[in-house]
Amino acid sequence: MAKIPSIVILTGAGVSAESGIDTFRSEGGLWEQHRVEDVATPEAFARDPDLVLRFYDMRRAAIQTKQPNAAHEALARLDAEWPGELLIITQNVDDLHERAGGSRLLHMHGTHLTAWCLACDGRPEWREPLIDRPACPQCGAAGQMRPDIVWFGEMPYEMERIYAAVGACDLFVSIGTSGAVYPAAGLVREARARGAMTLELNLEPSQGSYFFHESRHGPATRLVPEWVS
Ligand code: BV8
0 MAKIPSIVIL TGAGVSAESG IDTFRSEGGL WEQHRVEDVA TPEAFARDPD
50 LVLRFYDMRR AAIQTKQPNA AHEALARLDA EWPGELLIIT QNVDDLHERA
100 GGSRLLHMHG THLTAWCLAC DGRPEWREPL IDRPACPQCG AAGQMRPDIV
150 WFGEMPYEME RIYAAVGACD LFVSIGTSGA VYPAAGLVRE ARARGAMTLE
200 LNLEPSQGSY FFHESRHGPA TRLVPEWVS
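Numbering (numbering that gives the first Met the number 0) for the sequence shown: 0 to 228.
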């Protein structure tokens, strides 16, 4: 019996843009006159923890007011129906893939759904602001919680599992990412080198378009349902 193709899907901020969540580089990724790259770093957290905690509290609260869009829903349908291997690797820290029903999901840059306690290394479910230095629900330590988000200069989560999935896939689809941030932006080359077909669905050509066999340009809420159907 013919092998069912295995699929790896990489999503970025563009898949959540039509849900009203700002991408990083459309408005220049600015926040309170800081570049995101300057706020989303361990150094920024050490230098000005209140600024960084306020940045993530604001984004966590904003995300809770947003809804998944037709792109998230189409990917969740594919996830539910595809009989072969499938993994959605998202760079996004929002929970819109989950809320659309996605389950074969990996947040390589972390998520707003949990916080990270530096006292016990726990990852409790989290929804509240961190600016008030709440106590960790697992160990009770106060003021030791940081966003469970991979900052610039930190190692993304589950890279071994990611490289194994990308190296074994037959189809690699990149959706809504600028190809600006590594190691995520290098995954298409890993997939292609191992013989996968590679497709990019993005509003406009990305920094990595050259590496894809095919690039389609337009809004994710149109391109993704068209591709999934
Ligand atoms: C690491 C969490 C090493 C934070 C994020 C020089 C060269 C190469 C690499 C580096 C370098 N200098 C530094 C590095 C490393 C660095 C990096 O790549 N920097 C870049 C800026 C050059 N990478 C890292 O630091 C990574 N870690 O390398 O660790 C290491 C090794 C050993 C031990 C320890 C460490 C960690 C990177 C993770 C950083 N965290 N997110 C947060 O969310 O607050 S990254 C952040 O930007 C996002 O998570 C996302 O992953 C990333 C890229 O953003 P995109 O998702 O692509 O969004 P963007 O706005 O850029 O693009 C949106 C796209 O959507 C656009 O193309 C647009 O056209 C399109 N679009 C818009 N609307 C729509 C649409 N498409 C369809 N439909 C629409 N409607």
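The C-beta atom is built at its ideal place from N, Cα and C for all residues, glycine as well. Since the model is a prediction, treat every value here as computed from it, not as a measurement.
query	result
Inter-stretch contact at 8 angstroms, needing at least 3 Cβ pairs: the region 122-135 / the region 50-59	yes
Contacts around residue 214, its chain only, beta-carbon distance under 6 angstroms, and the 5 residues preceding and following it disregarded	199 and 208
C-beta atoms of residue 196 and residue 212 nearer than 8 angstroms	yes
Residue span of the alpha helix (DSSP H) that contains residue 152, given as start and end	From DSSP, residue 152 is part of no alpha helix (DSSP H); its letter is neither H nor E.
Whole-angstrom distance between residue 163 and residue 169, CA atom to CA atom	12 angstroms
At least three beta-carbon pairs within less than 8 angstroms, the region 109-117 to the region 7-24	no
Selected residue, minimal CA-CA separation from residue 73, among 84, 100 and 82	100
Whole-angstrom C-beta distance between residue 7 and residue 255, which should lie under 8 angstroms	In the structure displayed, the chain extends from 0 to 228; residue 255 sits before or after that span and is not available.
Integer Cβ distance of residue 95 from residue 67, believed to fall under 8 angstroms	4 angstroms
Where residue 79 sits in the DSSP three-state scheme	helix
Through-space distance from residue 36 to residue 225, alpha-carbon basis	34 angstroms
Outcome for residue 174 when other beta-carbon atoms lying within 10 angstroms are tallied against a minimum of 16	buried
DSSP bridge partner residues for residue 109 (one or two, in chain order)	148
4-residue-minimum alpha helix (DSSP H) runs that sit fully inside the region 23-68, ordered along the chain	35-38, 41-46 and 48-62
Those residues which DSSP pairs with residue 116 across a bridge	144
beta-carbon residue 63 near ligand 1 non-hydrogen atom, thresh 7 angstroms	no
Residue 211, DSSP secondary structure in three states	coil
Presumed contact (8 angstroms Cβ cut-off) between residue 5 and residue 109, rounded CB distance	Contact flag wrong, Cβ pair sits at about 25 angstroms.
Span of the alpha helix (DSSP H), counted from its first residue to its last, around residue 14	13-16
Among 111, 70, 166 and 137, nearest to residue 227 - alpha-carbon criterion	70
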